[in-house]
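If you count the sequence shown from 1, position 483 lands on 483 in the UniProt record's numbering, and the numbers rise without skipping.
Quick reminder that beta carbons are idealized off the backbone N, C-alpha and C, glycines included.
Keep in mind the model is a prediction, meaning the values are calculated, not measured.
Reviewing the structure listed below.
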Amino acid sequence: MSFAATDAASREQLLAKVKPVDVPRKELVTGDKDFHWVTEKICGIPESKTPRWWWVCFCVAGCMATFTLFGLVWLVSTGVGVWGLANPINWGWAIVNFVFWIGIGHAGTLISAILCLLRQKWRVSINRAAEAMTIFAVVCAGIFPLFHVGRVWFAWWLFPLPNANWIWPQFRSPLEWDVFAVSTYGTVSVLFWYMGLIPDLGTMRDRAFKAGKLIKAWAYGAFAMGWRQSNRHWSNYEMAYLLLAGLSTPLVLSVHTIVSFDFAASQLPGWHTTIFPPYFVAGAIFSGFGMVLTLMLPLRALFGLHNLITQYHIDCMCKIILATGSMVGYAYMMEFFIAWYGANPYEGFAFINRALGQYAWSYYIMVGCNVITPHLFWFKKVRENTALVWIICGFVNVGMWFERFVITVTSLANDFLPSSWGYYSPTIIDIFTFFGTFGLFSVLFLLFIRFLPMMPMGEIKAVMKAGDAHGHGTGTQAVPHSTTGGGHH
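The following block contains the structure:
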């Protein structure tokens with residue numbers, strides 16, 4: 001008997017003793033659906049008549065967005081003093097809101113880039129909406145550093161452009177770091193989002209042409225860039241998508257790390273700490289996933305997407321929120337420990353003042369929302385209750401805003417000299433500008449779900465049983481990798 005035959009026989013004997021169980025894979029598209037159903041379901045949303053609830057939400061969001069417009073016009077015409085900034089608190093809600101919105105945008109890049117490289121197939125039903133959320137959050141974030149410079153018409157000086165005065169920006173300024181971080185992050189996020197849209201825009205173009213809607217067909221076709229569903233197109237697409245995923249992955253870590261340097265590079269007690277970079281990144285992913293669920297759960301109910309956004313998707317996102325929330329809670333504890341262990345009286349006072357001082361109310365809101373509430377996700381029954389999940393994610397979003405408020409304001413309000421201490425109170429212009437950005441964000445997101453396919457059809461079909469080489473689809477033949485994204489199915 002040959003060695004190969006002996007090895008095969010021993011392997012068969014071992015398998016007979018172990019009796020391995022074939023563990024079924026989680027169904028990412030439930031209900032025994034076929035490729036045609038996926039195309040009709042996803043394309044049917046932008047093709048159907050605009051629902052009444054969309055108009056109501058759009059009008060409300062549009063009215064809210066005018067608050068930001070009013071606040072910015074008032075600020076430009078009057079001056080940054082209308083924001084309630086005063087010594088020693090020269091950073092108020094503007095920086096708080098900037099960091100908050102940048103953090104919201106991190107989930108999109110994480111879901112699309114890192115989970116793509118890690119081959120986490122459950123991401124496919126939520127990645128496009130998360131990418132769109134990223135872009136719209138970056139738009140909202142960019143408003144605050146742009147206008148807080150005061151003379152916004154000179155904001156182009158922040159870029160290192162050749163000029164007759166031989167004046168260059170101060171590259172050691174945190175504001176300059178933010179310019180490069182946000183512009184790079186926004187550019188790559190738009191490219192990544194648009195790259196994923198191209199196959200589905202080709203499908204929407206073909207369907208609009210068949211339906212005789214030539215204006216829609218022309219509009220979708222212009223952005224589809226001649227996409228024809230060919231094997232060559234798919235091969236180039238997948239290569240480019242993987243390349244962008246690799247380029248985007250460092251951005252998840254670097255962008256919020258640079259934002260954290262706005263604080264950590266200073267000498268101010270409560271800011272000058274090396275824990276900020278990983279702490280900010282974990283907090284950004286934490287708040288980003290909270291916002292993804294806040295947006296996707298209502299859409300799941302309104303559009304009947306239960307077969308595409310399954311309980312398994314919700315469960316995975318809840319577990320990520322639980323993990324990153326635990327990291328954030330650990331960072332809170334380590335801040336107090338390092339302040340005590342370092343024996344720096346100014347540092348120790350800064351953290352004791354957060355818990356017992358004049359801003360203690362905001363600190364305990366932060367701890368309650370970010371540390372206590374997410375631990376409810378340890379319980380499976382909580383993760384399976386979509387109403388509870390949505391409420392908890394709302395608390396996460398509130399808590400993460402208060403975290404940025406606590407970090408920014410409490411350290412500035414009580415610095416080294418008691419004679420310069422103060423108390424920060426936002427003005428009505430602060431409030432209008434901030435809450436109006438939620439309206440702007442909602443307007444952009446509502447336009448996205450109304451006119452563009454909110455899920456990648458090709459990627460969803462590739463993870464269905466019919467698209468799995470080991471699966472057994474019903475009524476649909478298996479096709480190679482993700483070439484199923486066209487409108488021909």
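- Cβ neighbours of Val-406 within its own chain (closer than 7 angstroms, five residues either side excluded): Arg-354, Tyr-359, Ser-362, Tyr-363 and Met-366.
- Between the segment 283–294 and the segment 393–411 there are three or more C-beta pairs closer than 8 angstroms, enough to call the two in contact.
- Cβ-Cβ distances below 7 angstroms link Trp-271 to Phe-263, Ala-264 and Ser-411 in the same chain, with the five nearest sequence neighbours on each side left out; the list follows chain order.
- According to DSSP, Ala-86 shares a beta bridge with Ile-89.
- Here Tyr-185 is actually not in contact with Val-82; their C-beta atoms are around 29 angstroms apart, not less than 8 angstroms.
- Using a 10 angstroms sphere on the CB of Gly-150, the tally of other CB atoms stays under 16, which defines it as exposed.
- The C-alpha of Glu-238 is placed about 38 angstroms away from the C-alpha of Ile-95.
- Under the three-state reduction of DSSP, Arg-450 is assigned to helix.
- For the options Pro-51, Leu-447 and Ile-429, the alpha carbon positioned closest to that of Gly-71 is the one of Ile-429.
- Sorting Glu-12, Ser-10, Ala-16 and Lys-33 by C-alpha distance to the C-alpha of Lys-461 places Lys-33 at the top.
- Shown here for Arg-228: same chain residues with a beta carbon closer than 8 angstroms to its own, the five before and five after excluded, namely Gly-202 in chain order.
- Residue environment: Pro-145 is assigned as buried (16 or more neighbouring CB atoms within 10 Å of its CB, all protein chains considered).
- Judged by DSSP secondary structure, Glu-403 falls within the alpha helix (DSSP H) whose first and last residues are 386–405.
- When C-alpha distances from Gly-44 are compared across Val-463, Ile-285 and Met-455, the shortest belongs to Met-455.
- For the segment 334–360, the full-length alpha helix (DSSP H) segments reaching 4 residues or more read 345–356 along the chain.
- Burial of Ala-284 is indicated by the presence of at least 16 other C-beta atoms within 10 angstroms of its C-beta.
- If you look at Ser-260, you'll find it in the alpha helix (DSSP H) that goes 231–264.
- Taking Met-327 as the centre and dropping the five residues before and after it, the same chain places the C-beta of Ala-282 closer than 7 angstroms to its C-beta, in chain order.
- The DSSP assignment places complete alpha helix (DSSP H) segments of no fewer than 4 residues inside the segment 30–85 at 35–47 and 52–78, in order along the chain.
- In the structure shown, the three-state DSSP call for His-375 is helix.
- Secondary structure at Glu-12: helix, using DSSP grouped into helix, strand and coil.
- In the DSSP assignment, Arg-25 falls outside any alpha helix (DSSP H) and carries neither an H nor an E.
- Within the same chain, and ignoring the five residues on either side of Pro-298 in sequence, the residues whose Cβ sits closer than 8 angstroms to its Cβ are Trp-390.
- The beta carbon of Phe-351 sits closer than 8 angstroms to the beta carbons of Gly-270, Glu-335, Phe-336 and Ala-339 from its chain, once the five residues preceding and following it are set aside; these are given in chain order.
- Beyond the five residues adjoining it in sequence on each side, Ile-258 comes within less than 6 angstroms, by CB distance, of Trp-177 and Ala-181 in the same chain, given in chain order.
- Proximity of the segment 234–251 to the segment 184–199 meets the contact definition, three or more beta-carbon pairs being nearer than 8 angstroms.
- Note on Thr-373: 16 or more other CB atoms within 10 angstroms of its CB, so buried under the neighbour-count rule.
- Cys-369 sits buried, since 16 or more C-beta atoms from the chains shown fall within 10 Å of its C-beta.
- Beta-carbon to beta-carbon, Met-457 and Asp-200 are separated by about 5 angstroms, close enough to satisfy the 8 angstroms threshold.
- By the 16-neighbour rule on beta-carbons within 10 angstroms, Ile-167 is exposed.
- In this chain, Tyr-424 is not harboured by any alpha helix (DSSP H), its DSSP state being neither H nor E.
- The alpha-carbon of Ala-387 is positioned some 38 angstroms away from that of Thr-273.
- Glu-403 counts as buried, since no fewer than 16 other beta carbons sit within 10 angstroms of its beta carbon.
- Taking the Cα positions, Leu-243 is about 49 angstroms away from Pro-345.
- In this structure, the alpha-carbon of Asn-87 lies about 55 angstroms from that of Met-204.
- Non-local C-beta neighbours of Lys-121 in its own chain, meaning closer than 7 angstroms and more than five positions away in sequence, comprise Leu-28 and Val-463, ordered along the chain.
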